[in-house]
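Under this note's numbering, think of the first position of the sequence shown as 8, with each following residue one higher.
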Amino acid sequence: MTSKTKMVVGLIAVMALFVAACGSASDLVTENLAEELIEASSDEDVDIDISGDGDDMTINIETEEGSMSMGAGASMPEDLEIPVPDDGDVISSFTADGVISVSLSYGQGSFDEIVGYYENWTDGTGEEWESSTLSLDTGEGMQRTNMWVQNETSSMVTVSDCPAVGSSSKDLNAVCVSIIQGE
(Lines of atoms letter the chains of each structure in order from A and count residues from 1; the text may use other names and numbers.)
(Lines give C-alpha, C1' and ligand atoms only; values in the text may rest on other atoms or scores of the structure.)
Protein backbone atom coordinates (compact mmCIF):
# COMPACT_ATOMS: atom_id res chain seq x y z
CA MET A 1 0.00 0.00 0.00
CA THR A 2 1.45 3.41 -0.94
CA SER A 3 1.96 6.07 1.71
CA LYS A 4 -0.82 8.20 0.20
CA THR A 5 -3.21 5.26 0.27
CA LYS A 6 -2.26 4.53 3.87
CA MET A 7 -2.87 8.15 4.83
CA VAL A 8 -6.28 8.14 3.10
CA VAL A 9 -7.29 4.93 4.89
CA GLY A 10 -6.20 6.46 8.17
CA LEU A 11 -8.04 9.70 7.46
CA ILE A 12 -11.23 7.81 6.72
CA ALA A 13 -10.91 6.03 10.07
CA VAL A 14 -10.36 9.32 11.89
CA MET A 15 -13.25 11.03 10.11
CA ALA A 16 -15.53 8.17 11.15
CA LEU A 17 -14.34 8.57 14.73
CA PHE A 18 -14.73 12.35 14.42
CA VAL A 19 -18.40 11.93 13.61
CA ALA A 20 -18.97 9.18 16.19
CA ALA A 21 -17.16 10.98 19.01
CA CYS A 22 -18.71 14.43 18.81
CA GLY A 23 -20.02 14.24 22.36
CA SER A 24 -16.79 13.01 23.99
CA ALA A 25 -13.96 14.01 21.67
CA SER A 26 -11.57 14.90 24.48
CA ASP A 27 -11.82 11.36 25.82
CA LEU A 28 -8.36 9.75 25.83
CA VAL A 29 -9.89 6.42 24.76
CA THR A 30 -11.05 7.97 21.49
CA GLU A 31 -7.56 9.33 20.75
CA ASN A 32 -5.91 6.00 21.51
CA LEU A 33 -8.39 4.06 19.40
CA ALA A 34 -7.89 6.42 16.46
CA GLU A 35 -4.10 6.13 16.75
CA GLU A 36 -4.31 2.32 16.85
CA LEU A 37 -6.60 2.19 13.79
CA ILE A 38 -4.33 4.42 11.73
CA GLU A 39 -1.13 2.70 12.87
CA ALA A 40 -2.65 -0.69 11.99
CA SER A 41 -3.58 0.51 8.50
CA SER A 42 -0.32 2.30 7.78
CA ASP A 43 2.48 0.49 9.67
CA GLU A 44 3.86 3.81 10.95
CA ASP A 45 3.76 5.84 14.14
CA VAL A 46 0.88 8.27 14.42
CA ASP A 47 0.29 11.04 16.93
CA ILE A 48 -3.31 12.21 17.28
CA ASP A 49 -4.48 15.11 19.39
CA ILE A 50 -8.23 15.58 19.77
CA SER A 51 -9.29 18.69 21.64
CA GLY A 52 -12.59 20.38 22.37
CA ASP A 53 -15.99 18.92 21.69
CA GLY A 54 -19.03 19.48 19.53
CA ASP A 55 -18.63 22.47 17.20
CA ASP A 56 -15.32 23.38 18.90
CA MET A 57 -13.60 20.04 18.21
CA THR A 58 -10.19 19.92 16.52
CA ILE A 59 -8.27 16.82 15.42
CA ASN A 60 -4.53 17.08 14.66
CA ILE A 61 -2.69 14.09 13.18
CA GLU A 62 1.10 13.83 12.74
CA THR A 63 2.85 10.98 10.91
CA GLU A 64 6.26 10.46 9.37
CA GLU A 65 4.70 11.20 5.97
CA GLY A 66 2.86 14.39 6.87
CA SER A 67 0.18 16.00 8.98
CA MET A 68 -3.50 16.77 8.98
CA SER A 69 -5.63 19.17 10.98
CA MET A 70 -9.41 19.51 10.85
CA GLY A 71 -12.13 21.13 12.87
CA ALA A 72 -12.74 24.45 14.59
CA GLY A 73 -9.11 25.02 15.55
CA ALA A 74 -7.44 23.67 12.41
CA SER A 75 -4.23 25.48 11.57
CA MET A 76 -2.86 26.96 8.36
CA PRO A 77 -0.02 24.86 6.90
CA GLU A 78 3.30 26.65 7.45
CA ASP A 79 4.74 25.94 3.99
CA LEU A 80 1.71 27.16 2.04
CA GLU A 81 2.93 29.67 -0.55
CA ILE A 82 -0.44 30.34 -2.20
CA PRO A 83 -1.88 33.32 -0.33
CA VAL A 84 -5.28 33.34 1.32
CA PRO A 85 -7.53 36.35 1.92
CA ASP A 86 -7.92 37.55 5.51
CA ASP A 87 -10.87 36.63 7.75
CA GLY A 88 -11.25 33.00 6.69
CA ASP A 89 -11.71 30.11 9.09
CA VAL A 90 -9.45 27.13 8.43
CA ILE A 91 -11.65 24.04 8.25
CA SER A 92 -8.98 21.47 7.40
CA SER A 93 -5.38 21.22 6.30
CA PHE A 94 -3.28 18.35 5.02
CA THR A 95 0.42 18.06 4.28
CA ALA A 96 2.11 14.94 2.83
CA ASP A 97 4.60 14.01 0.14
CA GLY A 98 5.20 17.62 -0.95
CA VAL A 99 1.49 18.38 -1.35
CA ILE A 100 -0.28 20.92 0.85
CA SER A 101 -4.05 21.23 0.98
CA VAL A 102 -6.16 23.66 2.97
CA SER A 103 -9.90 24.39 3.08
CA LEU A 104 -11.28 27.66 4.43
CA SER A 105 -14.72 29.13 4.98
CA TYR A 106 -15.67 32.80 4.56
CA GLY A 107 -18.83 34.75 5.31
CA GLN A 108 -21.68 35.11 2.88
CA GLY A 109 -21.31 37.92 0.38
CA SER A 110 -17.53 37.63 -0.04
CA PHE A 111 -17.57 35.48 -3.21
CA ASP A 112 -16.86 38.29 -5.72
CA GLU A 113 -14.16 39.81 -3.51
CA ILE A 114 -12.35 36.47 -3.10
CA VAL A 115 -12.64 35.67 -6.82
CA GLY A 116 -11.12 39.10 -7.59
CA TYR A 117 -8.33 38.41 -5.07
CA TYR A 118 -7.33 35.18 -6.86
CA GLU A 119 -7.76 36.66 -10.36
CA ASN A 120 -5.29 39.40 -9.42
CA TRP A 121 -2.92 37.01 -7.66
CA THR A 122 -2.81 34.40 -10.47
CA ASP A 123 -2.32 37.15 -13.09
CA GLY A 124 0.63 38.53 -11.11
CA THR A 125 2.51 35.27 -10.43
CA GLY A 126 4.30 35.15 -13.77
CA GLU A 127 3.09 31.56 -14.17
CA GLU A 128 0.36 30.30 -16.45
CA TRP A 129 -2.84 29.55 -14.52
CA GLU A 130 -5.86 28.15 -16.39
CA SER A 131 -9.17 29.41 -15.06
CA SER A 132 -12.73 28.20 -15.39
CA THR A 133 -16.13 29.11 -13.98
CA LEU A 134 -19.26 27.12 -13.40
CA SER A 135 -22.74 28.07 -12.20
CA LEU A 136 -25.16 25.36 -11.18
CA ASP A 137 -28.76 25.65 -10.00
CA THR A 138 -28.82 23.30 -7.00
CA GLY A 139 -32.44 23.83 -6.06
CA GLU A 140 -31.13 25.61 -2.95
CA GLY A 141 -29.84 28.48 -5.05
CA MET A 142 -27.29 29.23 -7.73
CA GLN A 143 -23.91 27.76 -6.79
CA ARG A 144 -20.99 29.58 -8.39
CA THR A 145 -17.53 28.05 -8.64
CA ASN A 146 -14.33 29.58 -9.95
CA MET A 147 -11.19 27.46 -10.32
CA TRP A 148 -7.57 28.21 -11.22
CA VAL A 149 -5.15 25.40 -12.11
CA GLN A 150 -1.38 25.60 -12.51
CA ASN A 151 -0.36 22.40 -14.33
CA GLU A 152 3.42 22.64 -13.83
CA THR A 153 3.13 22.39 -10.06
CA SER A 154 -0.22 20.57 -9.90
CA SER A 155 -1.62 23.45 -7.85
CA MET A 156 -5.25 24.49 -7.73
CA VAL A 157 -7.46 27.12 -6.10
CA THR A 158 -11.25 26.72 -5.97
CA VAL A 159 -13.76 29.31 -4.72
CA SER A 160 -17.41 28.19 -4.35
CA ASP A 161 -20.67 29.21 -2.78
CA CYS A 162 -21.41 26.65 -0.04
CA PRO A 163 -23.43 26.01 3.12
CA ALA A 164 -21.85 27.46 6.26
CA VAL A 165 -19.71 24.96 8.17
CA GLY A 166 -21.61 23.47 11.09
CA SER A 167 -24.96 24.49 9.65
CA SER A 168 -27.66 21.89 9.18
CA SER A 169 -29.06 24.01 6.36
CA LYS A 170 -28.26 23.38 2.70
CA ASP A 171 -28.53 27.12 2.00
CA LEU A 172 -25.55 28.56 0.13
CA ASN A 173 -24.73 31.08 2.85
CA ALA A 174 -20.92 30.98 2.90
CA VAL A 175 -17.92 30.88 0.58
CA CYS A 176 -15.58 27.89 0.59
CA VAL A 177 -11.98 28.15 -0.62
CA SER A 178 -9.96 25.01 -1.31
CA ILE A 179 -6.26 25.17 -2.13
CA ILE A 180 -3.97 22.38 -3.27
CA GLN A 181 -0.32 23.34 -3.62
CA GLY A 182 1.78 20.77 -5.44
CA GLU A 183 5.49 20.51 -5.82
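All C-beta atoms, glycine included, are put in the ideal place defined by N, C-alpha and C.
- With a contact defined as Cβ atoms closer than 8 Å, residue 169 and residue 156 miss out at about 20 Å.
- Between residue 171 and residue 115, the CB-CB gap stays under 9 Å.
- Residue 143 has its alpha-carbon roughly 27 Å from the corresponding atom of residue 90.
- The beta carbon of residue 152 is closer than 8 Å to those of 140, 141, 142, 143, 165, 166, 167 and 168 in its chain, skipping five residues each way along the sequence.
- Residue 89 sits in coil when the DSSP states are folded into three classes, being neither helix nor strand.
- Within the same chain, Cβ atoms closer than 8 Å to the Cβ of residue 148 are found at 168, 178 and 179, the five residues on either side in sequence being excluded.
- Rounded to the nearest angstrom, the Cβ distance from residue 108 to residue 187 is 5 Å, consistent with a contact under 8 Å.
- In this structure, the beta-carbon distance from residue 106 to residue 161 falls below 9 Å.
- Per DSSP, the beta bridge partners of residue 153 are 140 and 166.
- Closest option to residue 128, judged by alpha-carbon separation, among 102, 163 and 99: 163.
- Per DSSP, residue 160 lies in no beta strand (DSSP E) segment and is marked neither H nor E.
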